[in-house]
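Numbering (our numbering), first residue to last: 37 to 140.
We treat Cβ as the ideally placed atom computed from N, Cα and C, and that holds for glycine.
Computed from a predicted structure; not experimentally measured.
Before any comments, here is the structure.
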């Protein structure tokens, strides 16, 4: 069984037992959270698509850790204008493990 969930402005296709990095969530490590914005639930060849969400469906997950991703370097440069700017960014994330998909 799989589901498509929406969190942090992004959509993820998840299955039970899968580990996933999502945008930073305000939850303690070891706690259980549920994603209510389930866009689609499917099993085998059949799928149930919501409009916009599937009614009575949720995905439960366990919070494994919080962290920051790899550094992304931003470089701006204008030739012959003596302009050069460098910047870095590290995005915060929460790593979760999908434990259960409810409702189909």
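How would you call residue i, buried or exposed, if buried means at least 16 neighbouring beta carbons within 10 angstroms?
i, result
"residue 119", "exposed"
"residue 134", "buried"
"residue 62", "exposed"
"residue 110", "exposed"
"residue 93", "buried"
"residue 50", "buried"
Under 8 angstroms, Cβ to Cβ, is there at least one residue of chain B near residue i?
i, result
"residue 41", "The chain inventory of the structure shown lacks chain B, comprising one protein chain alone."
DSSP on residue i, reduced to helix/strand/coil?
i, result
"residue 56", "strand"
"residue 89", "coil"
"residue 114", "strand"
"residue 133", "strand"
"residue 107", "coil"
Assuming residue i is part of the beta strand (DSSP E), what are its boundary residues?
i, result
"residue 51", "46-51"
"residue 70", "68-71"
"residue 94", "94-104"
"residue 76", "74-79"
"residue 63", "No beta strand (DSSP E) holds residue 63; DSSP gives it neither H nor E."
"residue 121", "119-125"
"residue 42", "38-43"
To the nearest whole angstrom, what separates the beta carbons of residue i and residue j, a pair I think is in contact under 8 angstroms?
i, j, result
"residue 86", "residue 95", "In fact, because the Cβ distance is near 13 angstroms, the residues do not count as touching under 8 angstroms."
"residue 52", "residue 76", "Wrong, their Cβ atoms sit about 15 angstroms apart, outside the cutoff."
Given 8 angstroms as the limit, is there contact between the region 124-131 and the region 49-59, that is, 3 or more CB pairs closer than that?
yes
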